[in-house]
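In the numbering used here, the protein residues as written are 1235 to 1829.
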């Protein structure tokens, strides 16, 4: 039997790990089977809860019904969206436009072979222009430098702009040093969207890329996204937020929490023409933004609102599930809380001020359903907080959500069918079960409750950015309700154990309260460790090292297919070979640059 490890010469640019990644099918038969089984589990759990004979006392039963109905609805919506997302949007039109992006006979290209960032790009028989806009608001200068240098190196002729809402002379000097164009405003009106709109009064490219200051683009960003615009109705192409700084509990939890969304949900929304912009790693058609009067400025979640407005005007969006930029996940509890508060507030704003199901915007039924899912998504973050009240009601007030006639086996079957299968599905898609995601999701309900109340009472939220250079606050400034909840669950668990010992029978409520107490307690231990680390002020180096490693891995990974850049090099090499063979005047020597 042949050994699994050998010293044979490599036959191509891949090793076993990168070859498996390149050939992996996101929508494998096992993935589809798990999705269908999870859907069946969701439906069975819904039937179990609504069955009249299973109903217990009214108050805890209503809490369970409201909370679990939210989770069941979103579970079904997610499964539906995942199953709809199997079609690759890179059709023949895209491939033809991609192959013709560079003209090997263009004198300007031949004159700049050593610098692909200056190669003219062609679409529909003409040269197109692209602006790359880097939005800056107080991020560390080293973070901005790395993003700006990578943006300048993107292949295809473009102009790189630094939009500095922090009005920093140091950032201005950096832009001058690197050769970026620099803009600053007198005010911060409209936050990030206002910053972009201000830039668009000066930057006049046919298309523009938006990058947050912490997202480092890969060289092929424009090559992989621009060909979609050969279809005249495409307004923007969004790519995933992939994180490189997964160096601690919070950053891993925040990063992995988005994996399912970017790998399966956003691609599935392509089928509904409802994939939405996430604010960075996106390229827009300038004419589409002009058609709606600029980026939406009346919300901190300008990305979703801009998408909603464009879809209402009949434009198409595309989500490309390919990593083309590496950024920073929030790596402190403060950064995570502020990010989630901003995102949740944007979702609830849509729900209450422009409910997709009844809005006058001219959306299709598909789009209305998908945007309703978006607008109500963060209710799934509030539901765990409501469910924490159920064991408290049972242990202290003897109020039960489910009838005593329901056996523990039947209850476990329904519960496992709903939650267990979704955990298995998440395990399969992520490659492992991420305890960080479970703990972070279970501990975040106060953030979403605050966002909900902010929208209900009309309270504005301050703008914040991931990775800003100011010193982080103590994590316990953002965990008051979590600490109170932990104390309540601790007392509930203690009383429940005492009661169960007297009754010689273990109750589900005691287990329920105990498990949630352990999860919250573990999260508070993470918070204490973060507080100690912040006092030592040593968080920066590990984050930078982790992101540098992730970037180097992406840049070093072989590409499983040709790119417009490699197509041009191959054609010019073939011409050179042919010219040498026939002893004619050779084409200019080709120097292949690093991709």
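Heads up, the beta-carbon is just placed ideally off N, CA and C, and yes, glycines get one too.
Bear in mind the structure is a predicted one, so any value in this text is a computation, not a measurement.
Of all Cβ atoms in chain D, is any one closer than 8 Å to the Cβ of residue i?
i            : result
residue 1628 : No chain D is present in this structure, which holds just one protein chain.
According to DSSP, is residue i part of a helix, a strand, or is it coil?
i            : result
residue 1552 : strand
residue 1798 : helix
residue 1739 : coil
residue 1459 : helix
residue 1571 : helix
residue 1294 : helix
residue 1451 : strand
residue 1476 : strand
residue 1636 : strand
residue 1289 : strand
residue 1756 : helix
residue 1320 : coil
residue 1301 : helix
residue 1510 : coil
residue 1577 : helix
residue 1337 : coil
residue 1724 : helix
residue 1620 : helix
residue 1591 : coil
residue 1494 : helix
residue 1653 : helix
residue 1351 : helix
residue 1708 : coil
residue 1532 : coil
residue 1193 : The structure shown has nothing for residue 1193, since the chain only spans 1235 to 1829.
residue 1615 : helix
residue 1747 : helix
residue 1437 : coil
residue 1694 : coil
residue 1730 : helix
residue 1465 : coil
residue 1565 : coil
residue 1526 : coil
Under DSSP, the beta strand (DSSP E) around residue i begins and ends at which residues?
i            : result
residue 1394 : 1393 to 1398
residue 1561 : 1559 to 1561
residue 1606 : No beta strand (DSSP E) contains residue 1606, which is instead part of the alpha helix (DSSP H) from 1599 to 1610.
residue 1472 : 1468 to 1472
residue 1442 : 1441 to 1446
residue 1518 : 1516 to 1519
With residue i as the anchor, note down where its alpha helix (DSSP H) starts and where it stops.
i            : result
residue 1537 : 1536 to 1546
residue 1272 : 1263 to 1284
residue 1490 : 1483 to 1491
residue 1328 : 1326 to 1333
residue 1429 : 1425 to 1434
residue 1630 : 1623 to 1631
residue 1682 : 1679 to 1691
residue 1342 : 1341 to 1345
residue 1645 : 1642 to 1649
residue 1673 : 1669 to 1676
residue 1500 : 1500 to 1503
Below 8 Å on the Cβ atoms is my contact criterion, and I expect residue i with residue j to pass it. Report the Cβ-Cβ distance as a whole number of Å.
i            : j            : result
residue 1219 : residue 1386 : Residue numbering for the chain in the displayed model covers 1235 to 1829; residue 1219 lies beyond these limits and cannot be assessed.
residue 1451 : residue 1559 : 5 Å
residue 1234 : residue 1570 : Beyond the ends of the chain as shown, which are 1235 and 1829, falls residue 1234; an answer cannot be given.
residue 1431 : residue 1531 : 7 Å
residue 1554 : residue 1473 : 5 Å
residue 1535 : residue 1583 : 7 Å
residue 1447 : residue 1373 : 4 Å
residue 1310 : residue 1276 : 6 Å
residue 1526 : residue 1471 : About 17 Å; that fails the 8 Å criterion.
residue 1379 : residue 1398 : With 8 Å as the limit, residue 1379 and residue 1398 do not qualify as a contact, their Cβ atoms being about 13 Å apart.
Regarding residue i and the ligand ZN, is the C-beta to nearest heavy atom distance less than 7 Å?
i            : result
residue 1373 : The model depicted lacks the ligand ZN and carries no ligand whatsoever.
Quick check for students: name the residue ranges of the alpha helix (DSSP H) that lie wholly in the segment 1356 to 1423, counting only runs of 4 or more. 1375 to 1386 and 1403 to 1412
So, does the segment 1429 to 1446 touch the segment 1295 to 1305, judging by three or more C-beta pairs under 8 Å? no
Under 8 Å: do the segment 1670 to 1687 and the segment 1569 to 1583 share three or more Cβ pairs, one atom per stretch? yes
Cβ contact check for the segment 1498 to 1506 and the segment 1355 to 1365: 3 or more pairs under 8 Å: no
Within 8 Å, do at least three Cβ pairs link the segment 1594 to 1614 to the segment 1277 to 1297? no
Would the segment 1617 to 1630 count as touching the segment 1266 to 1276 if we require 3 or more Cβ pairs under 8 Å? no
With a threshold of 8 Å, are at least 3 pairs of Cβ atoms found where one atom belongs to the segment 1745 to 1755 and the other to the segment 1715 to 1730? yes
Quick one: any contact between the segment 1628 to 1648 and the segment 1334 to 1342, if contact means 3 or more CB pairs under 8 Å? no
Cβ contact check for the segment 1608 to 1619 and the segment 1721 to 1730: 3 or more pairs under 8 Å: no
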